[in-house]
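First comes the structure, then the notes that go with it.
2 protein chains.
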Amino acid sequence: MTDLFLPLDDHPAYRQIANQIEQRIVARSLRAGDTLPSETDLARQFGVNRSTIREAIRELETHGLLGRERGAKRLRVTLPKPSRVSSGVSRALALHDVTFPELWEAMMAIEPAAAQHAATRRSASQLQALARASARFKREITDTEAAVAAVVEFFTAVAAASGNQVLALSQAPLNLLLAPTLTRMIDRVPQARARILEAQGKIIDAIKLKKSEQARIWMEKHIRDFKRGHELEAS
Amino acid sequence: MTDLFLPLDDHPAYRQIANQIEQRIVARSLRAGDTLPSETDLARQFGVNRSTIREAIRELETHGLLGRERGAKRLRVTLPKPSRVSSGVSRALALHDVTFPELWEAMMAIEPAAAQHAATRRSASQLQALARASARFKREITDTEAAVAAVVEFFTAVAAASGNQVLALSQAPLNLLLAPTLTRMIDRVPQARARILEAQGKIIDAIKLKKSEQARIWMEKHIRDFKRGHELEAS
DNA sequence: GTGGCAGAATTGTCGGACAGTCCGATTATC
DNA sequence: GATAATCGGACTGTCCGACAATTCTGCCAC
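Line by line, the protein sequences are chains L and P.
Using our numbering, the final residue of the first sequence is 235, and nothing's skipped along the way.
Using our numbering, the final residue of the second sequence is 470, and nothing's skipped along the way.
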């Protein structure tokens with residue numbers, strides 16, 4: 001079953017260097033905010049050419065572990081931004097041709113949980129953010145693209161209010177995948193907009209009153225509507 | 236509120252090139268398996284130096300969009316491997332200092348759903364994989380590290396059996412985060428091993444018999460045990 | 001068709017170079 | 001003395017050219 005011999009993968013220098021630096025960051029020996037030595041310096045320290053260092057840096061930069069302040073020259077250690085990470089995930093999922101049912105099942109698992117926890121933990125400002133997102137949806141309800149963006153914003157706000165980074169980061173990629181489908185659906189299913197608005201209202205109410213069970217139930221209904229909408233649209 | 240002028244972020248050439256290639260891949264104009272032109276060729280086409288091309292390639296390579304067959308020279312378009320993607324996510328979460336309750340809540344949302352769908356959709360071989368993972372846990376039950384690996388393998392197998400790529404990819408990062416905590420817990424809480432084994436058995440039974448509700452419930456109990464274990468361990 | 005082989009092609013790494021920009025210190029100005 | 005203009009050094013982004021090691025390819029023998 002398992003191969004007898006493992007393939008020996010030679011590590012190019014740039015990858016070894018990237019790994020070494022990554023190790024340091026993960027081990028907190030380099031901490032977020034720290035500035036890295038200059039490329040020339042790194043090249044000297046590692047005993048390689050600057051070009052090699054640059055390739056290593058690119059690797060870490062795309063992982064979000066290194067970055068520069070806007071327009072700054074010096075490189076510094078940064079925490080991977082959730083938005084960057086999740087866009088990578090959703091791109092991967094998109095390339096793997098995820099179907100709507102798959103997406104929907106995942107939303108059905110995650111969003112209600114997020115809503116439930118949001119109801120018990122939301123701060124006042126997070127509640128405001130929710131209300132703002134819903135208001136924006138109401139305002140932009142005729143502009144399909146803006147409306148979809150508002151729906152995504154609403155989900156994001158719920159996840160943020162859940163006070164759970166893991167849930168938030170699990171949820172974020174779903175939004176990006178949902179957008180295209182939702183755009184079609186919202187245009188072709190007449191009652192979709194009204195139902196979304198109603199659900200958002202109920203969810204906000206529940207979260208405001210800290211009724212976690214209510215929040216979960218309404219979010220479930222909300223997500224179920226997406227499936228119905230998708231079925232209607234497809235027929 | 237909003238700034239009058241947007242900061243103009245200049246995109247270095249290597250990033251522009253990376254974006255262009257990425258676009259092609261996402262738009263399926265370059266499809267998985269296609270081989271890319273040589274670096275020299277790309278440099279000519281884009282009208283830049285080979286070093287610049289190389290930096291762009293590194294970027295796409297770390298995103299998992301490009302890769303080489305083992306020991307091959309020519310670069311080809313590849314689908315991002317879930318394992319690569321999820322390890323990036325879990326590293327990001329680890330750096331953000333995720334707490335156990337956060338992790339636990341996410342598991343509580345995702346794993347039962349995965350188990351439920353696995354019960355309705357699992358193939359025979361996926362069922363076997365589940366049994367294998369559990370058998371391995373039983374066999375290695377005294378070797379902490381191997382036992383933890385087996386637990387992770389079990390969760391992975393459940394997610395795979397769910398037939399849902401989105402759930403699987405949402406779940407994968409959780410495993411990597413769970414491992415260290417579980418290692419401590421399993422060593423300090425005497426009854427942990429037995430309870431895990433029992434839960435795995437019940438879950439496998441339910442999935443084998445396609446009792447989705449049972450599968451969900453037992454998975455919930457299983458995950459709840461982790462919280463209890465964690466509380467016991469902490470005390 | 002299989003195996004082997006020489007030459008072409010390609011990658012990984014190197015050294016050096018240069019323009020544009022950012023940073024810090026120094027000097028000039030009010 | 002505080003602020004503004006100035007200047008040199010440091011650093012990045014990009015380029016050029018080069019070379020060893022390895023892979024790829026077309027060809028030949030069997």
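We treat Cβ as the ideally placed atom computed from N, Cα and C, and that holds for glycine.
- With fewer than 16 other Cβ atoms from the protein chains shown falling within 10 Å of its own Cβ, His-11 (chain L) counts as exposed.
- DSSP, reduced to helix, strand and coil, places Val-98 (chain L) outside both helices and strands of the structure shown, so it counts as coil.
- Straight-line measurement puts the Cα of Ile-288 (chain P) at about 7 Å from the Cα of Ile-252 (chain P).
- Contact check for Ala-441 (chain P) and Ala-434 (chain P): beta-carbon distance about 11 Å, past the 8 Å limit, so the pair fails to qualify.
- Chain L has no Cβ within less than 9 Å of the Cβ of Val-387 (chain P).
- Excluding five sequence positions before and after Met-343 (chain P), the CB atoms of its chain that fall closer than 6 Å to its own CB belong to Ile-458, given in chain order.
- Look at the segment 266–318 of chain P and you find these whole runs of alpha helix (DSSP H), each 4 residues long or longer: 274–281 and 285–297.
- Taking all protein chains shown into account, Glu-380 (chain P) has fewer than 16 neighbouring C-beta atoms within 10 Å of its C-beta and is therefore exposed.
- The beta carbon of Ile-442 (chain P) sits no closer than 9 Å to any beta carbon of chain L.
- Sequence-ordered contacts of the segment 109–133 of chain L with chain P read Ala-109, Ile-110, Ala-113 and His-117 [C-beta pairs closer than 7 Å].
- Nearest CB-CB separation between Pro-408 (chain P) and chain L: below the 9 Å threshold.
- Against chain P, a Cβ distance below 8 Å from Gly-64 (chain L) picks out Ala-327.
- Inclusion of Thr-391 (chain P) and Gln-406 (chain P) in the CB contact set at 9 Å is warranted, their separation being smaller than that value.
- Looking from the CA of Phe-137 (chain L), the closest CA among L:Arg-195, L:Glu-220, L:His-230 and L:Lys-227 belongs to L:Arg-195.
- Here Ser-38 (chain L) is near Arg-74 (chain L), since their CB atoms are less than 9 Å apart.
- Only exposed fits Arg-263 (chain P), as fewer than 16 other CB atoms lie within 10 angstroms of its CB.
- With 16 or more other CB atoms across the displayed protein chains lying within 10 angstroms of its CB, Leu-330 (chain P) is buried.
- Considering only P:Val-261, P:Glu-294 and P:Gln-426, the residue with the shortest C-alpha distance to Tyr-249 (chain P) is P:Glu-294.
- Against chain L, the CB of Ile-260 (chain P) has a partner CB under 9 Å away; the residue lies at that interface.
- Under the DSSP assignment, Asn-399 (chain P) falls outside any alpha helix (DSSP H); it carries neither an H nor an E label.
- Distance from the Cα of Leu-65 (chain L) is smallest, within the candidate group L:Gln-165, L:Thr-78, L:Gln-126 and L:Glu-55, for L:Thr-78.
- DSSP places Gln-23 (chain L) in the helix class (H, G or I) of the three-state scheme.
- DSSP places Asp-205 (chain L) inside the alpha helix (DSSP H), whose first and last residues are 192–208.
- Chain-order list of chain L residues neighbouring Glu-294 (chain P): Arg-58, Glu-59, Glu-61 and Thr-62, by C-beta distance under 9 Å.
- At a cut-off of 9 Å between C-beta atoms, Ser-170 (chain L) counts as an interface residue with respect to chain P.
- Glu-55 (chain L) belongs to the set of residues whose beta carbon lies under 9 Å from a beta carbon in chain P.
- Going by beta carbons, Leu-167 (chain L) and Ala-159 (chain L) fall inside the 9 Å limit.
- Taking the beta carbon of Glu-337 (chain P) as reference, the chain L residues within 7 Å of it are Asn-164, Gln-165 and Val-166, listed in sequence order.
- Taking C-beta atoms as the reference points, Ala-341 (chain P) and Ser-397 (chain P) fail to come closer than 9 Å.
- Glu-340 (chain P) belongs to the set of residues whose beta carbon lies under 9 Å from a beta carbon in chain L.
- For Gly-88 (chain L), the closest Cβ of chain P is nearer than 9 Å.
- The closest CA to that of Val-383 (chain P), considering only P:Met-454, P:Leu-412, P:Gln-363 and P:Ala-307, is found on P:Leu-412.
- In chain order, Ala-327 and Leu-330 make up the part of chain P whose C-beta sits under 7 Å from the C-beta of Pro-80 (chain L).
- When the beta-carbon positions are compared, Gln-351 (chain P) and Ser-447 (chain P) come within less than 9 Å of each other.
- If you draw a straight line from the Cα of Ile-186 (chain L) to the Cα of Ala-192 (chain L), it is about 6 Å long.
- Collapsing the DSSP output to three states places Thr-379 (chain P) in a helix.
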